[in-house]
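K.L.:
Residue numbers (our numbering), protein chains in the order written: chain A, 639 to 929; chain B, 639 to 929.
Glycine included, every Cβ here is placed at the ideal spot set by N, Cα and C.
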DNA sequence: GTCAGTTACGTGTTTCGTAAGTATT
DNA sequence: AATACTTACGAAACACGTAACTGAC
């Protein structure tokens, strides 16, 4: 059992195999042939003195040790990648700060935040990176973004966050829905799981399932499917305001947990630019002094 | 500018140079000669398309990009090490859970916590790892420990924590101190920096400075120096109770922030054993039902 | 002249791919 | 027979150390 130093190559190889649970596919993904991959994993197991993979008759499976190495190794690789990307940005001739936002998930505040940040004294150029459903935390962890606007709840591991805005949640239903003309409904009316007042996790999980199942990539697709009567969904009011559609009705849902928009950044960030952008997003509106 | 993949060797080399700010010493520390080190760093800079080190007449210094890569690269290396160590422990024939504790910093609760944990159904053997002054977070981040008992404030980056116990802070002064027989004193009386009621950081920083300056490694040394009249120090009451010394007096300090002992663990830990140990440490005492 | 960092060059190790081997369906 | 993982072997790439080079004190 050698020391704890590991080459990132070995870790990348292992993660690929552990994710695919198949040497050939993993080798493909890595752009190498299966032979060096097999040897590398065996060497890694020998170095660590631990069996990582169970090669049984019915394919490859993870041992407990392998499961741990997959989980923790993945985040170590993310961290290394993040280190490189952030260093590259810090060393660029015109350093930029990257803000990740899911399209239409800014509660209409993006412009105001950017303007407020730009008004501060040493303000770096901000690149807005649009991303998919729950990609923001991943982009932060991989160093592809420095800050993100993201709706709660999200995986806070390694991240810090401050709330930016709270707004009511409304339900999107087909115009043909029995309650479409009521203007309001309860979660139970809509067949959505009941949750405690402060627990959005249930509703969110429900929506994530739908998103996964139908391979939805953006809001327009989601709303189109709602329009077709496939299901109903919950969205922040600001999203509803931005997407009026003839075939859709939006209902108030008094018992739905409110939508909380937060600004998140890597916990270990020491960047003053990030801090300034966070301040711009969270500071209360400056009081309007009378003339 | 190549992709963001980096070999951990390159990262280790860079961190060594960035910490030493000197190629020869860094090469020494790494156990290689200066030549491959110089080449490796230049290759890394070329790969990344960024200058990391400023080689000027008066030695080596970090560029902004280098500073970022040092900070983030260090934690990426820690994460990789942690992944390996935790996987090794998970794969061991008799998996153990490692609890890091600074000697005498358990508020006398260690035995009770261990007993309560051991009473749970699937309880793993617990290895108590004694460590130095503020080593616990580092041990957690490097995977050398799974859980830690640590006094606040500490660097929470990447860690989660729950409070375990709060106890009054007392001052240790030489028996010859003018206030030794008063039994109590204020921070101002003792010449310690004033801090807000909820801010221990000032006092803690003051103590850390002293610890660093005198190279103190354990409590006995610290108290011996206090006894010699070199300075005064603040300790939790439980520590005072455990170290009665003839040459020392302990004074109540009503305006000192209380000492908060917390149990901390890596944020991404999915280990049920860790969760059970945390529960054992934080759960309220079971109510004593009357007969 | 010495100290610190870099470049030049020859050597040894590591990693690769192709191809053959073994086992399961 | 086909698929999936492993072992065997020769070739290419990589990292190393010694030694020579450059510039600053």
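On a CA-only basis, which of 770/B, 706/B, 649/B, 755/B is nearest residue 855/B? Give me that one, please.
P.N.:
Closest option to residue 855/B, Cα to Cα, is 770/B.
K.L.:
For residue 706/B versus residue 684/A, is the C-beta spacing smaller than 8 Å?
P.N.:
For residue 706/B and residue 684/A, no; Cβs fall outside 8 Å.
K.L.:
Quick one: give me the first and last residue of the alpha helix (DSSP H) that residue 706/B is part of.
P.N.:
Taken as a continuous stretch (DSSP letters only), the alpha helix (DSSP H) holding residue 706/B covers 702-729.
K.L.:
Assign residue 853/A to buried or exposed, taking buried as 16 or more other Cβ atoms, counted over all protein chains shown, within 10 Å of its Cβ.
P.N.:
By the neighbour-count rule (16 or more Cβ atoms within 10 Å), residue 853/A is not buried but exposed.
K.L.:
Below 8 Å between beta carbons: does that hold for residue 734/B and residue 763/B?
P.N.:
Yes, the pair counts as a contact, with Cβ atoms nearer than the cut-off.
K.L.:
Going along the chain, which residues of its own chain have a beta-carbon closer than 6 Å to the beta-carbon of residue 783/B, five neighbours each way excluded?
P.N.:
For residue 783/B, where only same-chain residues beyond five positions count, the Cβ hits under 6 Å are 736, 738, 767, 777.
K.L.:
Which stretch, first to last residue, makes up the beta strand (DSSP E) that contains residue 888/A?
P.N.:
That run of the beta strand (DSSP E) goes 886-890.
K.L.:
Give the range of the beta strand (DSSP E) segment to which residue 694/B is assigned.
P.N.:
Looking at the DSSP string, the run of the beta strand (DSSP E) that includes residue 694/B is 691-694.
K.L.:
Under DSSP, the alpha helix (DSSP H) around residue 901/B begins and ends at which residues?
P.N.:
Looking at the DSSP string, residue 901/B is not in any alpha helix (DSSP H); the run it does join, the beta strand (DSSP E), is 897-904.
K.L.:
Does the pairing of the region 669-688 of chain A with the region 667-674 of chain B give three or more beta-carbon distances under 8 Å?
P.N.:
No: the two stretches stay apart, fewer than three of their Cβ pairs being nearer than 8 Å.
K.L.:
Output yes or no for whether 8 Å exceeds the beta carbon distance between residue 711/B and residue 652/B.
P.N.:
Going by C-beta atoms, residue 711/B is nearer than 8 Å to residue 652/B.
K.L.:
Does the Cβ-Cβ distance between residue 901/A and residue 919/A come in under 8 Å?
P.N.:
Taking 8 Å as the Cβ cut-off, residue 901/A and residue 919/A qualify as a contacting pair.
K.L.:
Under the assumption that residue 875/B contacts residue 806/B (Cβ atoms under 8 Å), give the Cβ distance between them as a whole number of angstroms.
P.N.:
Contact holds; Cβ gap of about 5 Å.
K.L.:
Under 8 Å, CB to CB, which of the residues in the region 641-675 of chain A have a partner in chain B?
P.N.:
Result list: 642, 643, 644, 645, 646, 647, 649, 650.
K.L.:
Run through the DSSP bridge pairs and tell me what residue 760/A is partnered with.
P.N.:
Answer by DSSP bridge pairing: none, since residue 760/A is not bridged.
K.L.:
Would you kindly check if the distance between the Cβ of residue 810/B and the Cβ of residue 817/B is under 8 Å?
P.N.:
In this structure, residue 810/B does not lie closer than 8 Å to residue 817/B by Cβ.
K.L.:
Where do the ends of the alpha helix (DSSP H) carrying residue 920/A lie?
P.N.:
Unbroken alpha helix (DSSP H) run through residue 920/A: 910-920.
K.L.:
Report the option in 773/A, 863/A, 708/A whose CA atom is closest to the CA atom of residue 649/A.
P.N.:
Taking only the C-alpha atoms, the option nearest residue 649/A is 708/A.
K.L.:
Just verifying my parser: in three-state terms, what is the DSSP assignment at residue 852/A?
P.N.:
Correct three-state label for residue 852/A: helix.
K.L.:
Per DSSP, residue 801/B forms a beta bridge with which residues?
P.N.:
According to DSSP, residue 801/B bridges with 900/B.
K.L.:
Just the C-alpha distance for residue 742/B and residue 727/A, rounded to the nearest angstrom, thanks.
P.N.:
Roughly 45 Å between the two C-alpha positions.
K.L.:
Could you pull the start and end residues of the alpha helix (DSSP H) that residue 861/A belongs to?
P.N.:
Start and end: 857-865.
K.L.:
To the nearest angstrom, report how far apart residue 888/B and residue 917/B are at their CA atoms.
P.N.:
Those two C-alpha atoms are separated by around 33 Å.
K.L.:
Using a cut-off of 8 Å between C-beta atoms, extract the partners of residue 908/B located in chain A.
P.N.:
Simply 709.
K.L.:
For the region 793-807 of chain B, which residues have a CB atom closer than 7 Å to at least one CB atom of chain A, in sequence order?
P.N.:
Result list: 795, 796.
K.L.:
Taking residue 688/B as the query, report the chain A residues whose CB atoms sit under 7 Å from its CB, ordered along the chain.
P.N.:
Per Cβ cutoff of 7 Å: 725, 726, 729.
K.L.:
Taking its Cβ as the centre, do 16 or more other Cβ atoms sit within 10 Å of residue 665/A, making it buried, or is it exposed?
P.N.:
So residue 665/A counts as buried.
K.L.:
Considering only the beta carbon of each residue, do residue 722/B and residue 642/A sit closer than 8 Å?
P.N.:
Yes, these two residues count as a Cβ contact at 8 Å.
K.L.:
Using beta carbons (cut-off 8 Å, strictly below), is residue 719/A in contact with chain B?
P.N.:
Yes, residue 719/A counts as interfacial toward chain B.
K.L.:
Using 8 Å as the threshold, is the C-beta distance between residue 870/B and residue 877/B below it?
P.N.:
Result no, Cβ atoms of residue 870/B and residue 877/B do not sit closer than 8 Å.
K.L.:
For residue 786/B and residue 740/B, I'd like the C-alpha separation in whole angstroms.
P.N.:
Taking the straight line from one Cα to the other gives about 9 Å.
K.L.:
How many Å lie between residue 897/B and residue 749/B at the Cα?
P.N.:
Distance between the alpha carbons of residue 897/B and residue 749/B is about 19 Å.
K.L.:
Hey, would you say residue 667/B sits closer than 8 Å to residue 654/B, going by beta carbons?
P.N.:
Yes, they are a contact pair.
K.L.:
Taking Cβ-Cβ distances shorter than 9 Å, what residues in chain B pair up with residue 905/A?
P.N.:
Going along chain B in sequence order, the residues near residue 905/A (Cβ under 9 Å) are 794, 795, 796, 905.
K.L.:
If I'm right that residue 645/A touches residue 645/B with Cβ under 8 Å, what's the distance once you round it to whole angstroms?
P.N.:
Contact flag correct, Cβ pair sits at about 6 Å.
K.L.:
Just the Cα atoms here: how many angstroms apart are residue 669/A and residue 788/B?
P.N.:
About 46 Å.
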